[in-house]
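Here the sequence shown stands for residues 25 to 441, where the numbers follow my numbering.
Using N, Cα and C, we set each Cβ at its ideal position, and we do this for glycine too.
As structure tokens, the structure follows; a few thoughts come after it.
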Amino acid sequence: MTETERKAGNPVIPVYAADPDAHLIGDRYYIYATNAGFYESKNSFTSGESRQHGFAAWSSSDLQNWTSEGPILRFADIEWAKGLPHAWAPCLAERNGKYYFYFCADSRIGVAVSDSPTGPFVDAKGEPLIAYRDDLSAIDPMVFIDDDGQAYLYWGAVPGYWLEDQIEYVRMHLSVQKLAPDMVTLVGEEMPTIFTRRLRDDWHDLDHIEASHVIKRNGTYYLMWSEGSFQSPDLQKSYRVNYATAKSPLGPWHHANNNPMLHSRPEIGIVGPGHHGVIQIPGTDEYWCVYHYHPGDADRRIAIDRLTFNEDGTIAPMVPTLEGPAHRPVALGLRLEKTGPFEKGQPVEFRFNASEPVPFVQFFSGETVVGSIHGQGENSWSWSPPAEGFYRIHARYSDQFGDQVAQSATVSFDVLP
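And the structure:
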């Protein structure tokens, strides 16, 4: 096994990595993370002392076996980020066949764009999306796009170690703000989400909150965040994940009464789990949590374990393991042939691929069938959306009895007037 491959079991990636964001795109899973070093190529991982700040990616076809995709963004190519000392906590969002990569450069949030989930990514604004401020920690971006096409940027940490001596005017909450359809422009007002518990006049480890992550399930929004010190082996202070729920992506947020949803298991060498992403297997209620942990030395690595829900919709407390994820090969992938947005009446072209020959594939906008392909061998499809707006399309194929076999991840795009 080489350092660019990793077989099943936790950790799933064989080098230092933290703050993972995870996605199913087309026919592969992807992880984006904070790296202590930097990949000069797919096969060359350099020390953090090289000052080659930036980000790398990993991908898998089955959740278990991961391969390095090498460097995807370098600070040397981002004019405003050159010379900044920290590359932290990236996240990805897809829209119109383009991939938007949000990242931290010290206490600033930037956004880059590419036509591929593995880059190379180029600066999308020429300046930070959120600039440095002395009242907040501008880190840990997470982008959630709702079913109506409205995108939201969740972000922040409280207090951030560089602000701990400024308690009197540091803000006490994580934030959310709407994004325009271009995915690089903030609109509306910044709004609070989760507030620190602030136990004393000075800072306690559990006052520290960061790493927002949002999913939507059965009409309920789940906002998860990490609190505590990822470095601490003390179970009373160490990193863990909590969650709150709401009926709107802007809140108000109601803290769960069964927090934390993820905590340490030091008896098996899992300490300080948190700062996670979530992958849903399309067409199922199966979720996987991708998180970092360390065995007690603060040298973080990435694990994947099952995330489940109780019958009342609460998140069941997770059990971190060393066994890692189940084998979940991607059966059906879908992508746009060209990047959008598209004009009304313009055909939108799709390409799909399946892990085995399939005789019948249907295409859905939400739960409405908008097209199908009969016969093996075809792997492209074209559709003209009937109206302007935001669309999410996915593909499904069924067996000879009409039972669903597999569903693809969605692709999302905008149709202009």
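CA nearest to the CA of residue i, picked from the options
i	options	result
residue 59	42, 256, 46	42
residue 320	422, 297, 169	297
residue 434	80, 50, 402	50
residue 444	375, 367, 353, 277	The displayed coordinates of the chain run from 25 to 441. Any statement about residue 444 would go beyond what the structure contains.
residue 157	133, 277, 322, 315	133
residue 389	436, 365, 78	436
residue 335	33, 438, 242, 169	242
residue 96	418, 57, 412	57
residue 362	356, 372, 353	372
residue 414	365, 403, 283	365
residue 258	273, 118, 295, 196	295
residue 126	353, 282, 291, 203	203
residue 420	438, 356, 368	356
residue 274	142, 309, 47, 167	167
residue 52	396, 352, 398, 347	352
residue 111	118, 129, 396	129
residue 182	118, 169, 159	159
residue 89	120, 108, 33	33
residue 429	305, 38, 118	305
residue 423	404, 398, 402, 194	398
residue 379	86, 46, 331, 288	86
residue 350	303, 377, 119, 394	303
Assigned exposure category for residue i - 16 Cβ within 10 Å defines buried
i	result
residue 431	buried
residue 408	exposed
residue 387	buried
residue 440	exposed
residue 391	exposed
residue 344	buried
residue 285	buried
residue 215	exposed
residue 329	buried
residue 278	exposed
residue 308	exposed
residue 25	Below a pLDDT of 50, predicted positions are generally treated as unreliable, and residue 25, at 38, falls in that range; no measurement from the model is reported.
residue 122	buried
residue 116	buried
residue 385	buried
residue 164	buried
residue 212	exposed
residue 418	buried
residue 291	exposed
residue 200	buried
Sequence-distant residues of its chain with Cβ nearer than 6 Å to residue i (five each side left out)
i	result
residue 104	151
residue 325	35
residue 98	78
residue 293	319
residue 416	434, 436
residue 162	131, 132, 133, 154
residue 248	237, 265, 267
residue 272	none
residue 108	129, 130
residue 332	340
residue 287	264
residue 283	266
Close-in-space but distant-in-sequence residues of the same chain around residue i (CB under 8 Å, 5 per side omitted)
i	result
residue 208	124, 135, 137, 148, 149, 153
residue 146	101, 136, 137, 138
residue 44	55, 56, 57, 299, 300, 301, 314, 315, 316, 326
residue 106	99, 100
residue 406	371, 372, 373, 374
residue 368	409, 411, 412, 439, 440, 441
Beta bridge counterpart(s) of residue i as assigned by DSSP
i	result
residue 47	54
residue 329	313
residue 302	313
residue 438	414
residue 241	244
residue 134	127
residue 234	250
residue 422	428
residue 145	Per DSSP, none; premise fails for residue 145.
residue 269	246, 278
residue 166	178
residue 104	Per DSSP, none; premise fails for residue 104.
residue 119	122
Contacts around residue i, its chain only, beta-carbon distance under 7 Å, and the 5 residues preceding and following it disregarded
i	result
residue 252	229, 230, 232, 261, 262, 263, 264
residue 219	196, 197
residue 276	270
residue 289	344
Closer than 7 Å to chain C by CB, residue i
i	result
residue 373	No chain C is present in this structure, which holds just one protein chain.
Residue i Cβ short of 6 Å to the ligand MN heavy atom set
i	result
residue 45	Among the ligands in the structure shown, none appear at all, so the ligand MN cannot be discussed.
Worksheet entry | Cβ contact (3+ pairs, closer than 8 Å) linking the region 83 to 102 and the region 336 to 343 | Taking a cut-off of 8 Å for Cβ pairs, the region 83 to 102 and the region 336 to 343 do not touch, as fewer than three such pairs fall below it.
Fill in: Segment contact flag, the region 229 to 239 with the region 173 to 184, C-beta cutoff 8 Å, min 3 pairs
Touching, per the Cβ criterion.
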